[in-house]
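Q:
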Amino acid sequence: MAMARAFRLRNSLSSSPLIHDTAIRSLLLNVDCNSWLYSQLSSSISFHSSAKFDLTDLTQPHLWYPNARKKKRNVFLHMGPTNSGKTYHALKRLEASSSGLYCGPLRLLAWEVARRLNKAKVPCNLITGQERDEIEGAKHTSLTVEMADVSGEYQCAVIDEIQMLGCKTRGYAFTRALLGICSDELHLCGDPASVPLIQRILEVTDDVVQVQYYERLSPLVPLNVPLESFSNVKKGDCIVTFSRQDIYKLKKKIEAGGKHLCSVVYGSLPPETRTKQATLFNDERSEMDVLVASDAIGMGLNLNISRIIFSTMKKFDGESTRNLTVPEIKQIAGRAGRYGSKFPVGEVTCLYGSDLPLLHSSLNAASPVLERAGLFPTFDLLSLYSRMHSTKDFHPVLEKFLAKAKLSSDYFISECEEMLKIAVVVDELPLALYDKYLFCLSPVDMNDDISAQGLIQFAESFSRKGLVRLQEIFTPGTLQVPKTQNQLKELESIHKVLDLYVWLSFRMEESFPDREVAASQKSMCSLLIEEFLDRSGGYRPFRKGQPTAQWLQKKYQKREMQKYFPEINAESD
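The sequence shown runs 2 to 574 under our numbering.
#1: Does the CB of K260 have a neighbour CB from chain C at under 7 angstroms?
#2: Nearest by alpha-carbon distance to N225: which of I310, G375 and D449 is it?
#3: Along the chain, which unbroken stretches of the beta strand (DSSP E) at least 3 residues long are found entirely within the segment 228–289?
#4: How big is the Cα-Cα spacing for E229 and V114?
#5: Shortest alpha-carbon distance to F282 belongs to which of L325, S452, G237 and K254?
#6: What does DSSP give as the partner residues of K316 in its beta bridges?
#7: Check this for me: beta carbons of S527 and E273, under 7 angstroms apart or not?
#8: Could you spell out the range, first to last residue, of the beta strand (DSSP E) harbouring D436?
#9: Is it buried or exposed for L468, if we count other Cβ within 10 angstroms and need 16 for buried?
#10: Between the C-alpha atoms of M148 and H390, what's the straight-line distance to the nearest angstrom?
#11: Inspect the CB distances between the segment 142–157 and the segment 91–107 and report whether three or more fall short of 8 angstroms.
#12: Does the segment 447–466 touch the segment 494–514, meaning 3 or more C-beta pairs lie closer than 8 angstroms?
#13: Using the DSSP secondary-structure output, state which residues sit across from M579 in a beta bridge.
#14: If you follow the alpha helix (DSSP H) that P67 is part of, which residue opens it and which one closes it?
#15: Count the other C-beta atoms from every protein chain shown that fall within 10 angstroms of the C-beta of E162, then say buried if there are 16 or more, exposed otherwise.
#16: Counting pairs of Cβ atoms below 8 angstroms between the segment 67–85 and the segment 201–221, do you hit three or more?
#17: Run through the DSSP bridge pairs and tell me what V212 is partnered with.
#18: Let's test the definition: count the other Cβ atoms within 10 Å of the Cβ of N126 and tell me whether it reaches 16, buried, or not, exposed.
#19: The beta strand (DSSP E) with Y155 in it runs from where to where?
#20: Which residues in the same chain as G153 place their Cβ atom closer than 6 angstroms to its Cβ, once the five residues preceding and following it in sequence are excluded?
#21: Rounded to the nearest angstrom, how far is the Cβ of T57 from that of K405, given a contact under 8 angstroms?
#22: Ordered along the chain, which non-local residues of its own chain (more than five positions away) have a Cβ less than 7 angstroms from that of Y249?
#23: Give the single residue among L501, S537, H361 and L270 whose Cα lies nearest to the Cα of T326.
#24: Using the C-alpha atoms, what's the distance from Q164 back to T242?
#25: Please report how far the alpha carbon of L189 lies from the alpha carbon of A111, in whole angstroms.
#26: Between F507, C239 and K484, which has its C-alpha nearest L352's C-alpha?
#27: Beta carbon of A374, beta carbon of T176: below 7 angstroms?
#28: Please state if the CB of V425 and the CB of P477 are separated by a distance shorter than 7 angstroms.
#29: Which of the three DSSP states, helix, strand or coil, is assigned to G597?
#30: Measure from the alpha carbon of S462 to the alpha carbon of each residue in Y438, F513 and C417, then state which is nearest.
#31: Residues in the same chain with beta-carbon distance under 7 angstroms from S464, minus the five sequence neighbours each way, listed in chain order, please.
#32: With distances taken Cα to Cα, identify the nearest neighbour of V370 among L78, D192, D55 and E137.
#33: What residues match up with K407 in a beta bridge as DSSP calls it?
#34: Relative to the C-alpha of V222, which residue among G347, T313, D134 and K169 is closest?
#35: To which residues of the same chain is L107 closer than 6 angstroms at the C-beta, ignoring the five residues directly before and after it?
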């Protein structure tokens with residue numbers, strides 16, 4: 002009976018005299034009758050009302066998630082600085098639950114939580130944009146926040162680094178998870194600066210909200226003396242800078258002193274390589290006893306850091322060079338002196354004395370209270386809007402929609418410059434709107450020439466044949482250990498292209514059938530980058546001598562075989 006009523010309602014809506022566009026009537030027949038959009042259309046369009054549904058009205062985003070609105074959720078805010086145990090307590094609740102989700106901002110965090118739960122005998126799946134590792138019988142899933150499931154029901158869910166709902170580019174994903182996850186318990190971990198905004202947002206959801214504040218577990222001591230000279234670097238130090246070029250310059254200067262070898266961590270390194278570099282730095286047996294890193298260390302890696310040293314207090318943010326913000330300084334500085342590590346007391350200073358006043362004032366200041374959360378329209382809204390304007394070009398649809406979007410004071414539209422850049426490219430191709438939308442969502446850096454070219458070739462091949470074979474733009478087996486910084490950068494870009502192929506393969510599986518090949522070549526990229534870093538530091542974790550590309554291939558094959566035959570000795574040659 003319910004299905005019959007829904008069908009009759011759908012037909013009455015599609016024949017309403019207020020809907021003149023045939024395309025919209027057709028779309029209504031395909032809108033899920035249980036969705037927020039359908040319910041809004043059904044209440045706004047009738048034979049007896051002249052009211053029109055405003056597609057650009059985004060003032061009530063909590064209504065986009067009817068599944069979550071059916072439940073009175075218990076929301077627990079775990080708020081405190083880095084190294085305060087807030088996430089630990091939330092994860093203990095997740096571990097004790099009968100079903101649950103972990104939503105993190107990074108693949109590295111999703112990996113770590115999945116590993117932790119599985120080790121605790123709680124079967125846990127891993128889902129990120131580029132990975133699916135499903136465990137038999139698992140009722141828990143660890144994922145990156147963009148992959149958050151808002152259709153299922155869970156006993157417990159954790160959203161980590163919830164203050165990122167204020168991020169200008171990714172904030173919308175945290176807002177979606179906050180409003181959309183349907184769970185009995187929802188645990189939010191992050192900076193106390195996000196509390197007032199979250200409380201305002203949840204006033205209209207009928208959830209029960211509780212706040213618990215945490216203090217740092219180990220001391221963090223701001224030093225009054227700068228480093229001044231790299232001869233003063235000591236074991237356990239982490240020198241922070243904000244460009245790839247400067248990271249390698251600092252690494253070279255420190256290693257030239259002959260006392261230390263340096264691991265490096267920065268954003269464009271593959272996640273596997275970042276993890277390996279962090280492991281080498283943490284390992285007492287390793288010669289890599291100093292870390293040179295970007296703000297990529299701010300989250301996602303467990304690091305045994307004694308002292309954080311800011312080589313500069315400025316960074317280029319894509320538009321201009323500016324001073325670091327209070328939250329950025331606190332997030333990075335807080336990585337020193339991890340509780341339970343071999344450095345129980347953390348220290349923080351700067352390379353130059355002129356930067357110390359900004360460091361000290363920032364550590365003593367409260368983080369600015371978040372005012373607004375990111376938001377982005379759903380594809381259903383954009384699709385209906387495109388039909389109203391009789392266009393399949395994604396760029397003008399997105400641009401016009403966002404220009405007319407109406408928001409409440411608690412939200413802002415997330416920046417989408419990358420999406421618009423991609424839209425210009427895909428609008429030149431004969432693609433359906435949803436396919437254009439997927440390409441625009443894909444993780445590609447359009448400022449990276451190799452990455453951008455990879456996306457363009459994938460989109461062009463897909464539009465011509467509906468099938469994209471990896472070998473059309475990439476020949477497996479041709480990768481080499483880089484010998485220069487330029488070759489290293491090129492290899493990092495190739496890794497991004499392979500990563501993009503894997504991402505697309507999970508969304509258009511039949512059209513991108515070479516996922517396994519792409520994934521294996523991604524792993525090879527990581528090994529080759531690791532080998533370059535090992536050689537540049539004079540460190541040999543694998544064996545003495547100069548490993549060949551053929552030896553690395555053998556190493557990779559053995560690593561893959563271990564997945565199926567654990568008894569194989571990983572270290573034997």
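Heads up, the beta-carbon is just placed ideally off N, CA and C, and yes, glycines get one too.
A: Here's the rundown:
#1: Looking for chain C here will not work: only one protein chain is present.
#2: Your numbering for residue 225 matches position 224 in the sequence shown. Comparing Cα-Cα distances from N225 to each of I310, G375 and D449, the minimum goes to I310.
#3: Counting only runs of 3 or more, we get 238–241 and 262–266.
#4: Taking the sequence shown and counting its residues from 1, the one referred to as residue 229 is at position 228. Taking the sequence shown and counting its residues from 1, the one referred to as residue 114 is at position 113. It is roughly 39 angstroms from the alpha-carbon of E229 to the alpha-carbon of V114.
#5: As a first step, residue 282 must be located in the sequence shown, where it is residue number 281. The candidate whose alpha carbon is nearest that of F282 is G237.
#6: Numbered from its first residue, the sequence shown carries residue 316 at position 315. As a beta-bridge residue in DSSP terms, K316 pairs with R323.
#7: What you label residue 527 is simply residue 526 of the sequence shown in a count that begins at 1. What you label residue 273 is simply residue 272 of the sequence shown in a count that begins at 1. Between S527 and E273, the gap from beta carbon to beta carbon is short of 7 angstroms.
#8: The sequence position of residue 436 within the sequence shown is 435, counting from 1. Boundaries for D436: no beta strand (DSSP E) harbours it, while the alpha helix (DSSP H) harbouring it runs L434 to L442, taken from the DSSP string.
#9: Residue numbering aside, residue 468 sits at position 467 when the sequence shown is read from its first letter. It counts as exposed.
#10: As a first step, residue 148 must be located in the sequence shown, where it is residue number 147. As a first step, residue 390 must be located in the sequence shown, where it is residue number 389. For M148 and H390, the gap between their C-alpha atoms comes out near 30 angstroms.
#11: Result yes; three or more Cβ-Cβ pairs closer than 8 angstroms.
#12: At 8 angstroms Cβ cutoff, the stretches touch.
#13: Residue 579 falls outside the range modelled here, since the chain spans only 2 to 574, and no answer is possible.
#14: The count along the sequence shown starts at 1 and reaches residue 67 at position 66. Element bounds for P67: P67 to R70.
#15: Here residue 162 corresponds to residue number 161 of the sequence shown, with the count starting at 1. Looking at its Cβ environment, which holds 16 or more other Cβ atoms inside 10 Å, E162 is buried.
#16: Yes: at least three Cβ pairs fall under 8 angstroms.
#17: Position 211 of the sequence shown, counted from the start, is the residue given in the question as residue 212. Answer by DSSP bridge pairing, in chain order: L78.
#18: For the purposes of this step, residue 126 is taken as the residue at position 125 of the sequence shown. Around the beta carbon of N126, a 10 Å sphere encloses 16 or more other beta carbons of the protein chains shown; the residue is thus reported as buried.
#19: Here residue 155 is taken as the residue at index 154 of the sequence shown, counted from 1. Where Y155 is concerned, the enclosing beta strand (DSSP E) starts and stops at E154 to I160.
#20: Looking up residue 153 in the sequence shown gives position 152. Excluding positions up to five away in sequence, the list is empty.
#21: Numbered from its first residue, the sequence shown carries residue 57 at position 56. Numbered from its first residue, the sequence shown carries residue 405 at position 404. Distance from T57 to K405 at the Cβ level is roughly 4 angstroms; contact confirmed, criterion being Cβ atoms closer than 8 angstroms.
#22: Position 248 of the sequence shown holds residue 249. Cβ within range, chain order: Q486.
#23: As a working mapping, residue 326 is identified with position 325 in the sequence shown. Comparing Cα-Cα distances from T326 to each of L501, S537, H361 and L270, the minimum goes to H361.
#24: For the purposes of this step, residue 242 is taken as the residue at position 241 of the sequence shown. For the purposes of this step, residue 164 is taken as the residue at position 163 of the sequence shown. Rounded to whole angstroms, T242 to Q164 spans 23 angstroms at the Cα level.
#25: One-based indexing of the sequence shown puts residue 189 at position 188. One-based indexing of the sequence shown puts residue 111 at position 110. One C-alpha to the other measures close to 15 angstroms.
#26: Sequence index remark: in the sequence shown, residue 352 carries index 351 (1-based). Out of F507, C239 and K484, C239 has the C-alpha closest to the C-alpha of L352.
#27: Residue mapping note: residue 374 aligns to position 373 of the sequence shown, counting from 1. Residue mapping note: residue 176 aligns to position 175 of the sequence shown, counting from 1. Yes.
#28: Here residue 477 refers to the residue found at position 476 when the sequence shown is read from its first residue. Here residue 425 refers to the residue found at position 424 when the sequence shown is read from its first residue. In this structure, V425 does not lie closer than 7 angstroms to P477 by Cβ.
#29: Since the first and last residues shown for the chain are 2 and 574, residue 597 lies out of range.
#30: The count along the sequence shown starts at 1 and reaches residue 462 at position 461. Ranking the options by Cα distance to S462, first place goes to F513.
#31: Within the sequence shown, the letter at position 463 stands for residue 464. Only L430, P431 and L432 meet the Cβ criterion.
#32: In the sequence shown, counting from the first residue as 1, residue 370 sits at position 369. Taking each of L78, D192, D55 and E137 in turn and checking the Cα distance to V370, the smallest one comes out for D192.
#33: The residue given as residue 407 occupies position 406 in the sequence shown. Residue pairing by DSSP places K407 opposite D58 in a beta bridge.
#34: Taking the sequence shown and counting its residues from 1, one reaches residue 222 at position 221. By alpha-carbon distance to V222, the top candidate from G347, T313, D134 and K169 is G347.
#35: Within the sequence shown, numbered from 1, the residue matching residue 107 stands at position 106. A distance below 6 angstroms between beta-carbons, with the five flanking residues on each side excluded, links L107 to the following residues of its chain, in chain order: G301.
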